[in-house]
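**Q** Heads up, the sequence shown is in the UniProt record's numbering, so the first residue is 1 and it goes up one at a time.
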Amino acid sequence: MSAETWAFLIQCYNPEKTPRVGMKQVTDRLTGIIIGRACKRVPLLFAKRKISVLFKKQNDDHLFNVIPNSSWSNPPMDSYLPSAESSLPTLHEEPRTTTEKGAEPLVEMVVDGSLMDGGARAWATVAGGFFITLVTFGYANAFGVYQDIYTRAGTASPSRISWIGSTQLFFLLGMGLPAGKLVDMGYFRHAIFVGSVIFVFSVFMVSLAHHDQYYQIFLAQGPGMGIGAGFLYVPAMAIQAHHWQNRRALAMGIVISGSSIGGIIFPIMLNQLFKGSVGFEWGVRASGFLCLGLLLLANILMTTNPAVAGQAKQKPDILGLLTDVPYMLCCLAAFAVLWGLFLPYFYLQLYAILHGLDPNFAFYTLSILNASSLFGRILPNVFADKIGSFNCLAPSVFACSVLLFAFFGIKSVEAVVVFAILYGFFSGAFLSLASPALASLSRNDSEIGVRLGLAFTLGAFGALTGPPIDGALLGKTFLWYKAIVFSGVSGDTFSFEHSISQSWAGINDFWSAGPFRCTPSGRQKERNTVCMTALFNYIPLRIPDTLRLSCYLIYLELALYNATRHTATLSDGPESANDVIDHMSAAQDSGKHYHNECTGLALETVKRHQEPENITLFGSCFCPFVQRVWIAFEYLEIPYKYHEVDPYKKPQELLEVSPKGLVPGLKLNNFNPPRALNESTVILEFLEDLAATSTGRSLLPSHTNPYARALVRLQADHVNRTLVPAFYRYLQAQDEAAQIEGGKEFHAALEGLVNLMERAEREMVDSGGFSGEGERASAVHGLGLWVEGGDLGWADVMAGPWIFRASNVLKHYRGFALPAGKKFDAWIGRLFSHPVFKSTCSTEELYLDSYERYAYNRPNTSLVAEAINSGRGLP
């Protein structure tokens, strides 16, 4: 028999303390005790969180004498025996009416001002919150897909594109303060409805944005989706605290796990739709319809707790929160973690592709990351309800920091999978445990919303600035070590601030005001295990020593990575910090890999030429020999189908049209069986003759002027014999003397080309003798863009691809600058801005990545590189 029952029986038969009671009253009272104990011990047995006792309201107040704010704790057994007043759960009388005529008011019992854990309403609210995080944070977790798409489409630099995703995260978390305040004021449903409308509308606006209009994408996907998600995410988390107490961390963990499911669904869905026949626009719209359906379900399922909502009309004490030192230190720690947490979420897919991993596999890296975070968002929360949220949170953040430094060693599919699984688990644990940990610092349930909101708002600035800082540190050359070190050190600061918070709490009433303060039912458990966190943070308490240790660890990581990438002797090792950075820059560049898909405007051109035609062009996106043929196809307006191949793998279909496996190659489908052509100069001659009988366009001067045609062919011969070999010798030169000599040779080759073009202009245009303006215009046209008023010509097509690569590849790897001169600058300006030429150019990053192997003269780079190294002629 329970202590409450004994206490009540003593009370019933002690006439000195209480008036005599009847058998019916005894029965009713015992029923109330049994129900109260059952409500505490087996909360999941009850579908509702209010227990209506079906007996009339009595004037015998002694029947419901209670101890206020009992908090459902577990006092010792003997505390019940002295008096019944100290033994029973709180029973607040809330009369309500029934629909039955003449029925007397019933007594509705609410346990301790809040209601029991569990029930249909509570679990429905968990399900609705799960759908909300699936849509909001889940979609944000899939931004790596958009980062890859926008970067390779040439929308903007990686850093500027990162601002889109980080702005979305900023508003998702930054709207926490106003959204949380709305929840505390009783406007929960209003908040999630407004957020649903804004979010879905913004998703559809993304589908209407143009890739080359950065501001359109930014407004729709940054502030638009972010504000909508902000009015959804924080309310979905805060409302759980209104329904749960003993298992609050588990409930919030289940809710936040929706972001992991979304992080699995959306990357796979978007990648498959974008790559397939659906395309970008309808792929985004399909995801928008999915979001619409899930948010509609969430709005239906989620409800508030009337008992807690009744407390919510009081004004939040913002000033009191700002002066709560342990709470503010935890907010700063969250800011530091969020500063570096999202590097893998934004860049892992791009990292995998740029390091030569199979793109089809790289598309699934984010899904693997988010799939593992699903377990990280639930399993630690089970233990958090037993040992405390902060005791689980600190090791998780430390593990994330360690794994970020392990980013250095990711060079294979296996390494990516292991990293994604581990990092997804521990980063998911942080995102899941942050909410219950911060909620445990609340003095009462009515301020949970504003506490979570303020913390998320401060943390939002970390999410806003972290990814763009990573992008800026990466730069156009993708120096990954800079971003890795920044993100890893940012995570380490959590231990410092957590330790300071712990120390402060120990001075100022550790058990009631510190970071381990929690709900009454969990305080005793937190006390018993606080030594775990104190032990874990023993070293971080000595901040100067820890900073020094972190610096040593960072240096060690850099040195170890450097050692794995170089084979120098010990005497060649770095002697200063600058040497370490220089070696690391070279090591990181070595991770680049050639691309096998066009980007930017070239990608748009490829998409326009995928229908079957009489001619199929086999090309490679980075090859200048392909680009000169591609320009001719576009300018001469000859129908063709573009087919991207990997010349390093030499597929059978390429060997059928080019026996050496070199690009470009043509497949002439109008013959039976189909015939083939290869070698760029031969193909150009073929296209010139074909256009003369079909489109009437030409890259050469008129047939009536054979001398002018011969002058142009002299220019083309100089390009093939002198300029192209000089370009590769300069790029592949490794020692300083060879590079200086290579630069002089390439500069001389450019001067030789300029001299030949000036000769043609002088002899064919400046000499005069034209019978009319039409004859002069014909001569000018045949001499190309060198002459003002001319159009794209044969020499432009022959030399243009290498001069374009000199402006970015040679500039980046050799510090080369194109010759200065008014005439030369005007020619380069007309060439690079010509619509046809631009339509075959990819983004600068593609060329820098693809030519890295040439710049470091790696083995098996290409047949061209081998010919340069051996001194033979180009193949």
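Glycine included, C-beta positions come from ideal geometry on N, C-alpha and C.
#1: Do three or more CB pairs link the stretch 613-620 to the stretch 639-653 at distances below 8 Å?
#2: Starting from residue 141, trace the beta strand (DSSP E) in both directions and tell me its first and last residue.
#3: Return the CA-CA distance between residue 417 and residue 397, expressed in angstroms with no decimal places.
#4: What did DSSP end up calling residue 811 once you bin it into helix, strand or coil?
#5: Counting along the chain, where does the alpha helix (DSSP H) carrying residue 365 start and finish?
#6: If you drop the 5 nearest sequence neighbours on each side, which residues of the same chain put their C-beta closer than 7 Å to that of residue 255?
#7: Considering just the uninterrupted stretch of the alpha helix (DSSP H) at residue 826, what are its terminal residues?
#8: Going residue by residue through the stretch 581-668, where are the continuous beta strand (DSSP E) segments of at least 3 residues, counting only ones entirely within it?
#9: In this structure, how does DSSP classify residue 678 when only helix, strand and coil are distinguished?
#10: With 16 as the cutoff for other CB atoms within 10 Å, does residue 748 come out buried or exposed?
#11: Starting from residue 787, follow the alpha helix (DSSP H) in both directions and report where the run begins and ends.
#12: When the Cβ atoms of the stretch 143-152 are set against those of the stretch 180-198, are three or more pairs found closer than 8 Å?
#13: Mind checking whether the beta-carbon of residue 622 lies closer than 7 Å to any heavy atom of the ligand GTP?
#14: Closest by CA to residue 666, which one among 686, 649, 651, 672?
#15: Under DSSP, the alpha helix (DSSP H) around residue 392 begins and ends at which residues?
#16: Report the residue ranges of all alpha helix (DSSP H) runs contained in full by the stretch 150-230; include only those spanning at least 4 residues, in chain order.
#17: Excluding the five sequence neighbours on either side, which residues of its own chain have a C-beta within less than 7 Å of the C-beta of residue 754, listed in chain order?
#18: Take the Cβ of residue 300 as the centre, count every other Cβ of all protein chains shown within 10 Å, and call the residue buried at 16 or more, exposed below.
#19: Give me, in chain order, the residues of the same chain whose beta-carbon lies closer than 6 Å to that of residue 422; leave out the 5 immediate sequence neighbours on both sides.
#20: Quick check on residue 694: does DSSP put it in helix, strand or coil?
#21: Does the count of Cβ pairs from the stretch 195-211 and the stretch 282-295 closer than 8 Å reach three?
#22: Are there three or more Cβ pairs, one per stretch, closer than 8 Å when the stretch 262-277 is compared with the stretch 136-151?
#23: In this structure, does DSSP put residue 731 in helix, strand or coil?
#24: Could you check the C-alpha separation between residue 608 and residue 714 for me, to the nearest Å?
#25: Whose C-alpha, out of 274, 215, 228, 707, is nearest the C-alpha of residue 765?
#26: Answer yes or no: do residue 216 and residue 168 have a C-beta to C-beta separation smaller than 8 Å?
#27: How long is the line joining the alpha carbons of residue 711 and residue 743, rounded to whole angstroms?
#28: Do three or more CB pairs link the stretch 157-165 to the stretch 460-476 at distances below 8 Å?
#29: Determine the DSSP secondary structure at residue 411, reduced to helix, strand or coil.
#30: Which residue from 844, 726, 351, 783 puts its Cα closest to that of residue 705?
#31: Report, in whole angstroms, the separation of the C-beta atoms of residue 233 and residue 172, which I expect to be a contact under 8 Å.
#32: Do residue 601 and residue 839 have their beta-carbon atoms positioned less than 8 Å apart in this structure?
#33: Distance check for residue 868 and residue 745, CA to CA, integer angstroms please.
#34: Distance, Cα to Cα, residue 638 vs residue 213?
#35: On a CA-only basis, which of 805, 375, 716 is nearest residue 258? Give me that one, please.
#36: Compare the beta carbon distance of residue 675 and residue 798 with 8 Å and say whether it is the shorter of the two.
**A** Taking the coordinates as given:
#1: Yes: at least three Cβ pairs fall under 8 Å.
#2: The continuous stretches of beta strand (DSSP E) do not include residue 141, which lies in the alpha helix (DSSP H) extending over residues 120-141.
#3: Approximately 20 Å between the Cα atoms of the pair.
#4: helix
#5: 365-376
#6: 126, 129, 130, 133, 236, 237, 240
#7: 822-833 is the extent of the alpha helix (DSSP H) around residue 826.
#8: 615-619, 641-644, 665-668
#9: strand
#10: exposed
#11: Taken as a continuous stretch (DSSP letters only), residue 787 belongs to no alpha helix (DSSP H), as it is neither H nor E.
#12: The stretch 143-152, when compared against the stretch 180-198, does not touch it at the 8 Å Cβ threshold.
#13: Although the ligand GTP was asked about, the structure shown includes no ligands whatsoever.
#14: Per the Cα distances, 686.
#15: 389-406
#16: Taken in chain order, the complete alpha helix (DSSP H) segments of 4 or more residues contained in the stretch 150-230 are 158-174, 176-184, 188-208, 214-219.
#17: 824
#18: exposed
#19: 403
#20: coil
#21: yes
#22: yes
#23: helix
#24: 34 Å
#25: 707
#26: With respect to the 8 Å criterion, residue 216 and residue 168 are not classified as neighbours on the basis of their beta carbons.
#27: 27 Å
#28: Yes, the stretch 157-165 is in contact with the stretch 460-476.
#29: coil
#30: Sorting 844, 726, 351, 783 by C-alpha distance to the C-alpha of residue 705 places 783 at the top.
#31: 6 Å
#32: yes
#33: 14 Å
#34: 30 Å
#35: 375
#36: no
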